[in-house]
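Every letter in the sequence shown is one number past the one before it in my numbering, and letter 4, counting from 1, is 235.
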Amino acid sequence: MMTNVFDGQVAGFVSPPEITGIGVAFDPVPSQMSDDVGLIVESSGSTGRPKRLEISLAALMASADASAKFLGGHGQWLLALPANYIAGANVLFRSVVADTQPVIQNTRVPFSAEGFLNSVSLMRGSKRYTSLVPAQLDRLAAHADIESNDNAVILALQSFDAILIGGQLPNHGTVESLRSRGVKLVESYGMAETSGGCVYDGQALEGVNLEIIDGKVAVSGPMLANGVGEKFLSSDLGEIVNGRLRIIGRADRVIVSGGKKVSLDDVEAKVLAHEGVTEVIAVALDSKWGQSVGLVLAAREGFDEANLQRILLGAAKPIAVQRVDQAPRLISGKPDYQAARALLAD
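Put into C-alpha cells, the structure is as follows:
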C-alpha cells in the first residue's frame, strides 16, 4: 500500500471491508485530489457523518518520526484496529517506515482476548507496539486475573514496549490498574486532521504546537492534513497545566438541562468509575428540561441501577437507561451515539 506512495506514484485509499485477516481491500483513488496526497482516510464519524481527508506523505512522515522518537525507536506493530481510519492506517505506514512486517488481527470479527493473544504470539520484533481504543483495553482487562502473575493476557500486554490508547477518553481505573502491573500504556490524543496521535501522555510530540482557544484545543505543526489550514481548531475542550494537555471533553458533548450545563463525557467518566460498570454511552435526549441525559450501559451481574441516582446528581440524572450486553460501537471502536439514541427511543 505505502510503497507506491514512497515512489510518488499513487495514494492508498483504504475503506471497508478493511481487514480480512489476509489482506487489505482498496477503493479506486478519487479522480480529483492534490498531487502530494499520500493517504486518504475517513474521520471516525462518531458525532456526525464521516468525511474523507487527504494526508500528505510529508505529514505522515512527520507523525511517524515524532511518534518513534517519543517511544524510543521504530519497531514491529500489531494492527488491531480498522485500517480505513487513521489509527489503523498509521500502524501500516509506520511498519513500512520501520521496514518491519506488521501482524494483522482480523477486525471483521468482534475483538476478543483470544484473537489478541493469537496475534501477539506471532510477533517477533525486538520492539513491539500496538494501538487500541479504550473499549478493547477494557475487554482485555476484564480477562486479566490481577491476582495471577502468569495470566496470559497480562503477559501479552506486558510484552509490548508501548500500547497506544486513543479514540476517546479511557477508563482511568483500567489504565492505572494495568500500569501497576507493568503494562506500558501511552494515552494518545489526536485525530485524522492531525495524522493521528500528536500528543502522548499529555506531551506534545516533536514539532507539535498546542494552544487553547476559547477553551478548545488547537493544533499546529507539520503533521496536519491537507485543507485544514495552518492551525486546526478541534471540538475538544482542554487545558494545558504545567506544559501538559488535559482533555476535559468535547464541546459538542455539552448539553443544557433545566438551564444547567452538563458534560456527557463527564457523566460517562463518573459512571465508568463505579465498580460493576463495563461500558457506558451517554447521549442527549429531548425532555421538558430542554435536553436530559440518557444512558446505554453494560454492567456485570448484580449491578443495581439505583446506584446511578447516587452517582449522578441534579441535571446529570438520566431520564432513561438501557442495559445491553455490549455498548454499540462504530467499526473504529468509538461509541455509536446514533445507535445509542435509537436504543433509548425503543
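Glycine is no exception: its CB is placed at the ideal position from the N, C-alpha and C atoms. The model shown is predicted, which means the values in this text are computed figures rather than measured ones.
| Query | Result |
| --- | --- |
| Span of the beta strand (DSSP E), counted from its first residue to its last, around A513 | V508 to S518 |
| Straight-line Cα distance separating I286 from L270 | 5 Å |
| Environment of L544 [buried if 16+ CB atoms lie within 10 Å] | exposed |
| Reduced DSSP secondary structure (H/G/I, E/B, other) of N321 | helix |
| Cut-off 8 Å between Cβ atoms - residues of its own chain near K447, not counting five sequence neighbours on either side | L464, S465, S466, D467, L468, G469 and A482 |
| Cβ-Cβ distance between S274 and K282 below 8 Å | yes |
| Whole-angstrom distance between T361 and L386, CA atom to CA atom | 15 Å |
| Cβ-based neighbour list, I512, same chain, cut-off 6 Å, excluding 5 preceding and 5 following | V527, A558, P566 and A571 |
| Stretch pair the region 387–395 + the region 323–334: three plus CB contacts closer than 8 Å | no |
| C-alpha gap between R560 and R325, whole angstroms | 26 Å |
| Spatially closest choice to T338 from L310, L575, S488 and R359, by CA coordinates | L310 |
| A290 and A456 closer than 8 Å at C-beta | yes |
| Per DSSP, the bridge partner or partners of D467 | R481 |
| Cα-Cα separation, G398 to T425 | 13 Å |
| Chain-order list of residues whose beta-carbon lies under 7 Å from that of A373 (same chain, five-residue window excluded) | T509 |
| Check whether G480 and W520 have beta carbons under 8 Å apart | no |
| Residues near L574 by beta carbon distance below 6 Å, same chain, minus five either side | V527 and Q553 |
| Residues of its chain near F534, where Cβ-Cβ distance is below 7 Å and the 5 sequence neighbours each way are ignored | G507 and V508 |
| Secondary structure, alpha helix (DSSP H): runs of 4+ residues fully inside the region 523–574 | 538–542 |
| Alpha-carbon spacing of Q569 relative to A515, whole angstroms | 10 Å |
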